[in-house]
Structures are given as C-alpha cells and as structure tokens.
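Asks: Below is one structure. I have some questions about it.
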Amino acid sequence: MQTLQQEDALLAQLALAIAQQVKAQDVQVGEKGKESLMKGVAKDRRIGLSVQS
Numbered sequence: 001m002q003t004l005q006q007e008d009a010l011l012a013q014l015a016l017a018i019a020q021q022v023k024a025q026d027v028q029v030g031e032k033g034k035e036s037l038m039k040g041v042a043k044d045r046r047i048g049l050s051v052q053s
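Residue numbers for the sequence shown, in our numbering: 1 to 53.
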C-alpha cells in the first residue's frame, strides 16, 4: 500500500517528466543563453497528454 506522500511523489515525478519533454520539444536556447519558444509554437499552447499502454 502506498502512502499519500508516495503517491504525491510519483505524481510530481510524472509532471516533471512531462515538463522536461515539452521543454525539449518547444524551447530553444539563444546565443546569450536566453530561452524562448521555437518558431511556430503558440505562446498560449495547451499541452495535450495521452496515456500510452
């Protein structure tokens, strides 16, 4: 049986993994180290997630 803290930790790990994936797909680092959205990515982009089995 998992405790609430364990469940929260798993959810946090999942959220972090998703955020890292989105950053890798949609963010670029400029010459001066400033991060920005890649060309073609909407500023108000909504992240769609699907569960893969």
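Using N, Cα and C, we set each Cβ at its ideal position, and we do this for glycine too.
Hey, Val41 and Glu35: beta-carbon distance below 8 Å or not?
Replies: No, Cβ-Cβ distance for Val41 and Glu35 is not below 8 Å.
Asks: Could you pull the start and end residues of the beta strand (DSSP E) that Glu35 belongs to?
Replies: First-last of the beta strand (DSSP E) with Glu35: Glu35 to Leu37.
Asks: Would you tell me roughly how many angstroms separate the C-alpha atoms of Lys43 and Leu16, rounded to the nearest one?
Replies: Using only the alpha carbons, I get a separation of about 20 Å.
Asks: When you compare each of Ala9, Leu11, Gln13 and Gln21 to Gly48 by their alpha carbons, which one comes out closest?
Replies: Gly48 has its Cα closest to that of Gln21, out of Ala9, Leu11, Gln13 and Gln21.
Asks: Let me check understanding here. Comparing Cα to Cα, which of Leu37, Arg46 and Asp8 lies closest to Lys23?
Replies: Comparing Cα-Cα distances from Lys23 to each of Leu37, Arg46 and Asp8, the minimum goes to Leu37.
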